[in-house]
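Peer 1: I have a structure here, written as C-alpha cells, and I will follow up with some questions on it.
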Amino acid sequence: MLNYLADGLLLLGGFFAFSGSLGILRFPDFFSRLHPAGTSDTLGQLLILGGLSLRVLLDSPDAGLSVGKLIAISLLLFITTPASTHAISRVAHLAGLKPWTGEANNDGEATDE
Amino acid sequence: MSESVVLRTIGGMLFPYILVYAFYVQMHGEIGPGGGFQAGVLVASAFILHAFLFGKAATDRLLPRWLVDLTMCLGVLLYIGVGIVGLVQGSYFLDYSVLDPAHPAHAEALGITLVEAGVGLTVASVILTMVRKVNGELE
Amino acid sequence: MNVELITALLVIGGAFLALIRAVKGPTTYDRVLAVNVFGTKTVLLLALLGYIGDRTGFLDIAVLYALINFLATIALLRFVETRRLT
Amino acid sequence: MSDPVLLINVLLLVLAIVAAIAAMWTRNLLGAVMLMGIYSLLLAVEWANLFAMDVSYTEAAVGAGAATILLLTALTRTGSREKEGPKLHWSALITATVTGVVLLYGTSDLPRFGDPQAPATIHVSPQYVTQNVGKVDATETDRLEGDFGDHVPNAVTAVLASYRGYDTLFETAVIFTAGICVILLLRPAAGQARRREDA
C-alpha cells in the first residue's frame, strides 16, 4: 500500500517538474513564466523528495541518515527556490520590465541588452 | 537587491548552514567524498554570499582582511609544518607515522586531517581574496 | 522501466526545456530564471540517481548543489542589477 | 539502452553538448556565463553517475559556484557583449577537426569503461583499493580496534594526501602563489592608498 503511495508521489512529482518546465518554455512573457518556476516546481520537488524518502524508508528501515539528508534537501529547496524566484522578479520589476498585457507582442524581440 | 528583507532573512539563515556543511565536507573528506579543496571553496562561497546580501563592510567586520591574509599563509605553513615534524623526528618529509608511533594508521588519519585542513584554509582565503581584490580595490 | 527511472526521465525532460529557455532568452531575467530552475532539476535528478544506483553519496552532492545554486542565482542577479558584484 | 545508467548518461551528455555549443555560439557574454554554469552542473551529475564523487564535488563547487562568480567579476571589468568578428576561422576549423578525428581514432584503442583487464586497473589500482597506499602499515591493535580499518577509507583522499603528498603540497603552494600574485597586482597605487587613509 505504502509502496503505491511512494510510486504515486514520485510520478506526480515528475509530472509537476516536467509541466513546470513546459510552462517556463511556453508561457508568453517573463512575469507569467515566474508562476510555473515558483509554484509548480516547488510542489514537484517536495513530492519527488517525499516519495523518495518514503521509498528509502520502505526499502531499508534503518536508513535514517539518508532520509534525514533527503528531508534536509527538501527543506533547503523549499526555502531557496521561492526566495530565488522572488529575487528575480524583484530585480526585473525594479529594472522596469513591463508585464505583457496582450496589446503588443514583446516576446521574441531583441530585448536582450 | 541587498535591501530586500526576504533575501536578507533567507541568506542570514543559510549562511551558518553553509559553513557547517563546509565543515562536514572538510572533516568527512577521508571517509566519504570531499576534502579540503571543496570545503575551502564552500567557505569562500558562504562569505561571498554574505557580502552580496549584507554589504562589503559587514563582511569585513565579520572577517577582517588581516585574518584572511593570515589564514592564507597559515594553511601552507600547516601543511609544511606537518612535513617538517617528520624531518625533526628523524624520518622522511611528510612521514605521517611519526605523529603517533604506537598507532601508525591513526597517525596517518591524523596527518591527512591536518594536511587537508591546511589545504582548506589556503583555498578559502585565496578565493575570497581574489573576489574581494578584483571587486573592491580598483575603484 | 521502474517508477524512479520514469521520474528521472521526466526530470531530465524538464531540464532540457529549461535549457532551451536559457538559450532562447529573450531577456536576461528569463535566462536567470531558467538557470535557477535547471539547478533545482539537477538536485532532484541527483537524488533520484542516487536511489537508482543505490549510492547514498549522491545526497551529499545534492545538498551542495542546492546551496551553490542559490549562491549562483544571487550572484547573477547582483550583477544584472548593478553591473557590479559587491 | 536497457541499462538505465547508460540511458541517463547518454541523455546527460547530449544536454551537456547542447549547453556547451550554445555557450560558444551566443554573443551575449552574460548568457555564456550562465550556460557555462549549466554545463558545469551537467558535468558534475555525469561525474557522479560515473562514481567519481570527489570530481563531482569539485566540479559543482568550483564550476558552478566559484567559477561563475570569478567570470562575473571579470565581466564587471569588460563589456558584456562579444566583439563581432569573422564567423568562421577556416584554419581553426581544420585544426580542430583533424585533432578531433585523431582523438576519436585513438579512443578505439582504449579499453572499455570499467574493463577489469585494462592497464589502469591492473597496475597500481589494486594497491589503492586495498588501502595499502600509505607509507605505513597498520599494527594489529589498530586492526582490532576497527575504526579507520587499515587506512583512510576514501581512496581518493588517501592517494592525494598520503601517496602523492608532495604533489598536493605543491598544488597548495601554487594556489597560495596565485593569491599572492592577485594581492600584488591589484594593490592600490601608493598615492591612492594614502588618500584612502586620509578619508
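Chains A, B, C and D supply the protein sequences, listed in that same order.
Residue 19 in numbering that gives the first Met the number 0 sits at position 20 of the first sequence, and the numbers go up by one each step.
Residue 111 in numbering that gives the first Met the number 0 sits at position 112 of the second sequence, and the numbers go up by one each step.
Residue 56 in numbering that gives the first Met the number 0 sits at position 57 of the third sequence, and the numbers go up by one each step.
Residue 73 in numbering that gives the first Met the number 0 sits at position 74 of the fourth sequence, and the numbers go up by one each step.
Every residue, glycine too, gets a C-beta built ideally from N, C-alpha and C.
#1: Listing by chain order, which chain A residues have their CB less than 8 Å from the CB of Val97 (chain B)?
#2: How many angstroms separate the CA atom of Ser59 (chain A) from the CA atom of Ser73 (chain A)?
#3: Kindly indicate which residue of C:Val62, C:Val34 and C:Gly12 has the alpha-carbon position closest to the one of Gly49 (chain C).
#4: From the DSSP output, in three-state form, read off Asn153 (chain D) for me.
#5: Does the stretch 1-21 of chain D come close enough to the stretch 66-77 of chain B to have 3 or more Cβ pairs within less than 8 Å?
#6: Can you name, in chain order, every residue of its own chain whose Cβ lies under 6 Å from the Cβ of Arg82 (chain C), other than the five neighbours on each side?
#7: According to the neighbour-count rule (16 or more other Cβ atoms, all chains shown, within 10 Å of its Cβ), is Met52 (chain D) buried or exposed?
#8: Determine the chain C residues that contact Val17 (chain D) at a beta-carbon separation under 7 Å, and present them in chain order.
#9: For Leu1 (chain A), does the count of other Cβ atoms within 10 angstroms reach 16, so buried, or fall short, so exposed?
#10: Quick one: grab the DSSP three-state call for Asn27 (chain D).
#11: Give me the chain D residues within the contact set of Val34 (chain C), using Cβ-Cβ distance strictly less than 8 Å, ordered along the chain.
#12: Can you pull the DSSP bridge partners for Arg80 (chain D)?
#13: Please work out which residues of its chain come closer than 7 Å, Cβ to Cβ, to Leu62 (chain B), disregarding the five sequence neighbours upstream and downstream, and give them in chain order.
#14: Have a look at B:Val42, B:Pro100 and B:Ile9 and flag the residue whose alpha-carbon is nearest the alpha-carbon of Val24 (chain B).
#15: To which residues of the same chain is Thr128 (chain B) closer than 8 Å at the C-beta, ignoring the five residues directly before and after it?
#16: So that I know if they touch, is there some Cβ in chain D lying closer than 9 Å to that of Gly13 (chain C)?
#17: What residues in its chain sit with their C-beta under 8 Å from that of Val36 (chain B), if we drop five residues either side in the sequence?
#18: Leaving aside the five residues before and after Asp146 (chain D) along the sequence, list all residues of the same chain whose C-beta is less than 6 Å from its C-beta, in chain order.
#19: Using the Cα positions of Leu109 (chain D) and Pro118 (chain D), report the straight-line distance between them to the nearest angstrom.
#20: By the 10 Å Cβ neighbour count, where 16 or more other Cβ atoms means buried, how is Tyr78 (chain B) classified, buried or exposed?
#21: Using a 10 Å radius around the Cβ and a threshold of 16 neighbouring Cβ atoms, would you call Asn134 (chain B) buried or exposed?
#22: Quick check on the DSSP output: the alpha helix (DSSP H) that includes Ala122 (chain A) runs from which residue to which?
#23: Could you check what DSSP says for Trp89 (chain D) in three-state terms: helix, strand or coil?
#24: Once DSSP output is grouped into helix, strand and coil, what is the label at Lys97 (chain A)?
#25: Out of D:Trp46, D:Leu92, D:Val100 and D:Val54, state which residue places its alpha-carbon closest to the alpha-carbon of Ala208 (chain D).
#26: According to DSSP, is Glu29 (chain B) helix, strand or coil?
#27: Taking 9 Å as the threshold (C-beta atoms), are Phe15 (chain A) and Leu53 (chain A) in contact?
#28: In whole angstroms, what is the alpha-carbon distance linking Asp166 (chain D) and Leu113 (chain B)?
#29: Report the rounded CA-to-CA distance for Ser18 (chain A) versus Leu45 (chain C), giving the unit in angstroms.
#30: Who are the neighbours of Ile126 (chain B) on chain D, taking C-beta pairs under 7 Å?
#31: Label Ile83 (chain B) either buried or exposed according to how many other C-beta atoms from any shown protein chain fall within 10 Å of its C-beta, with 16 as the threshold for buried.
#32: Have a look at Val90 (chain A) and Asp61 (chain A) and give me their C-alpha separation to the nearest angstrom.
#33: Out of A:Pro27, A:Ile23, A:Lys68 and A:Val55, point me to the one whose CA is closest to Thr100 (chain A)'s CA.
#34: Closest to Gly11 (chain B) by C-alpha separation, out of B:Leu52, B:Arg60, B:Val81 and B:Val130, would be which residue?
#35: Can you give me, in chain order, the residues of the stretch 5-17 of chain B that have a beta carbon less than 9 Å from any beta carbon in chain E?
#36: Looking only at its own chain, which residues have a Cβ that is under 6 Å from the Cβ of Ala21 (chain B), when we skip the five neighbours before and after it?
Peer 2: So, from the data block:
#1: Under the 8 Å cutoff, chain A gives no residues; its nearest Cβ is about 35 Å from Val97 (chain B).
#2: 20 Å
#3: A check of alpha carbon separations from Gly49 (chain C) across C:Val62, C:Val34 and C:Gly12 identifies C:Val62 as the nearest.
#4: In the structure shown, Asn153 (chain D) adopts coil according to DSSP, grouped into three states.
#5: no
#6: none
#7: buried
#8: Leu18
#9: exposed
#10: If DSSP states are grouped into helix, strand and coil, Asn27 (chain D) belongs with the strands.
#11: Met33, Gly36 and Ile37
#12: Beta-bridge pairing links Arg80 (chain D) to D:Asn27.
#13: Phe46
#14: When the alpha-carbon of Val24 (chain B) is set against those of B:Val42, B:Pro100 and B:Ile9, the nearest one is in B:Val42.
#15: Val67, Asp68 and Met71
#16: no
#17: Position check: residue 36 (chain B) holds Phe in this sequence, whereas Val was assumed. Once the five neighbours on either side are set aside, the close Cβ partners of Phe36 (chain B) are Val118, Gly119 and Val122.
#18: Low confidence applies here, because Asp146 (chain D) scores a pLDDT of 46, under 50, leaving its location unreliable and the question unanswered by this model.
#19: 10 Å
#20: buried
#21: Classification of Asn134 (chain B): buried, given that the 10 Å Cβ count is 16 or more.
#22: Residue 122 (chain A) lies beyond the stretch modelled for chain A, which goes from 0 to 112, so this question has no answer here.
#23: helix
#24: Lys97 (chain A): coil per DSSP, three-state reduction.
#25: Since the displayed chain D opens at 0 and closes at 198, residue 208 (chain D) lies outside it and no answer follows.
#26: coil
#27: Cβ atoms of Leu53 (chain A) and Phe15 (chain A): not closer than 9 Å.
#28: 16 Å
#29: 19 Å
#30: Ala65
#31: Per the 10 Å Cβ criterion, exposed.
#32: Those two C-alpha atoms are separated by around 45 Å.
#33: The shortest Cα separation from Thr100 (chain A) among A:Pro27, A:Ile23, A:Lys68 and A:Val55 belongs to A:Pro27.
#34: Measuring C-alpha to C-alpha distances from Gly11 (chain B) to each of B:Leu52, B:Arg60, B:Val81 and B:Val130 identifies B:Leu52 as the nearest.
#35: No chain E appears in this structure, whose protein chains are A, B, C and D.
#36: Ala38, Leu41 and Val42
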